[in-house]
Ligand SMILES: [Zn+2]
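Residue numbers (this note's numbering): -4 to 445.
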């Protein structure tokens, strides 16, 4: 343990001499941008000086054969290094605390003649111009707002950032999130009691209609106070610009769920039936009212009436959950509602409701209900799905920009990893953002101290 002390001096004007509060605050904000990086640079140079003394002996009195806490990158020996002076140009690192510039000290290996900077070696910074934590923080911002905005927000807090840097942070981070969409990877989730399959269209690639982003989410638990329960979700599968069948391999590696939730699209239902022939299928309660609205639009139903019907269906599903209706009671209510649509002669909407009937209340079947009791009510993650899809679409739709397929995959990977607290994301966060364990204090010299 050693102590590093920094001194800060500032030329403050006198109070009353045109000194405004805004000027003082501006000074403090300017320090926020420079101080952390300056402190880090000074501490690094201190540590480096002490290391060189320890390994090479005092400056004017070199000592041979001293042991070192590092090995020569040329030959691997761990002793007998000679001072080789400091590099003239400071080395710049972009860090989450700002831009750090340090004068690196070199040593030479007496065994093989290799000259290198031990500080880089010991801190695992060789070849790095930007720290991984800065990458993580930029990528996390860029998962929530446009690259330009992410760059600007980070820059306003003194972090070296720009739209381009935010963009490359996402591209660099995505491949590090191992195990996303790869259930065989160590630490990857192995399944969930409820698996939700959903797809969304995204503006990427050269085709006018864009590409499909297909996602498999798992619901593993619920926690929190009764009225504000939050579902714990895991990301189980992800494909982009591929048909649903491409996800089969990812799903087959998982243990079969108690129930699989689908949005009604034929390809998704087929995939679920192929992969898990014995798992009951539940229609998504979030999608069904939306699909009903579209069907009524196709049927040219009057818009206010169609909107009212959509709301009625939403209310019906909520009531089923709230009043804990049985499977038979729920179906009876559903049939009464469906009759109000078919008597108006709305063909598409009638077909939709009839087609969904067998799967709308799967979660109320006594066997399924018992096995899912620990997850709370029968909403089955429709709220989760809604939140995830909203966030994905909100981010990918910004400014009507068109993505490259690779760029979009990187962004979605980071977004979903973050939203679902994927193990790969959590591990990366724990290693790059540990709690600070280095004590520091700010000593204030008292003016007129007695
Ligand atoms: Zn060597």
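Glycine included, every Cβ here is placed at the ideal spot set by N, Cα and C.
For clarity, every value in this text was computed on a predicted model and none was experimentally measured.
Can you name, in chain order, every residue of its own chain whose Cβ lies under 7 Å from the Cβ of residue 62, other than the five neighbours on each side?
-> 73 and 74
For residue 433, which residues of its own chain have a beta-carbon under 7 Å away from its beta-carbon, when the five flanking residues on both sides are left out?
-> none
Can the beta-carbon of residue 287 be found less than 9 Å from the beta-carbon of residue 347?
-> yes
If we call anything under 9 Å between Cβ atoms a contact, is residue 156 one with residue 148?
-> yes
By Cβ distance below 7 Å, which residues in the same chain neighbour residue 187 in space, the five residues on each side in sequence not counted?
-> 213, 214, 215, 229, 231 and 252
Going by DSSP, what residues sit across from residue 195 in a beta bridge?
-> 208
Using a Cβ-Cβ cut-off of 9 Å, state whether residue 378 counts as contacting chain B.
-> Protein chain content of the structure displayed is limited to a single chain, and chain B is not contained in it.
Rounded to a whole number of angstroms, what is the C-alpha to C-alpha distance between residue 1 and residue 20?
-> 22 Å
Examine ligand 1 and report whether any of its heavy atoms sits within less than 8 Å of the Cβ of residue 72.
-> yes
List the endpoints of the continuous alpha helix (DSSP H) containing residue 446.
-> The question about residue 446 has no answer here: the residues shown for the chain are numbered -4 through 445.
Take every Cβ of the region 353 to 369, pair it with every Cβ of the region 274 to 289, and state whether three or more of those distances are shorter than 8 Å.
-> yes
Proximity test, residue 108 beta-carbon vs ligand 3 heavy atom, cut-off 8 Å | Ligands in the displayed structure: ligand 1; ligand 3 is not one of them.
Beta bridge counterpart(s) of residue 100 as assigned by DSSP = 81
Alpha carbon to alpha carbon, how far is residue 131 from residue 445? Give it in angstroms, no decimals.
-> Unreliable positioning characterises residue 445 in this predicted model, as indicated by a pLDDT of 49, which lies under 50. A coordinate reading is not provided.
Cβ-Cβ distance between residue 196 and residue 234 below 9 Å = no
Taking the beta strand (DSSP E) that residue 332 falls in, what are its first and last residues?
-> First-last for residue 332: 322 to 337, but that is the alpha helix (DSSP H), not the beta strand (DSSP E).
Between the CA atoms of residue 7 and residue 438 - distance to the nearest angstrom | 18 Å
Just the C-alpha distance for residue 76 and residue 47, rounded to the nearest angstrom, thanks.
-> 9 Å
Where residue 397 falls: helix, strand or coil (DSSP) | coil
Contacting residues, own chain, Cβ-Cβ under 6 Å from residue 161 (five flanking each side not counted) | 133, 137, 142, 145 and 146
Would you list the residues sitting across from residue 190 in a DSSP beta bridge?
-> 213 and 255
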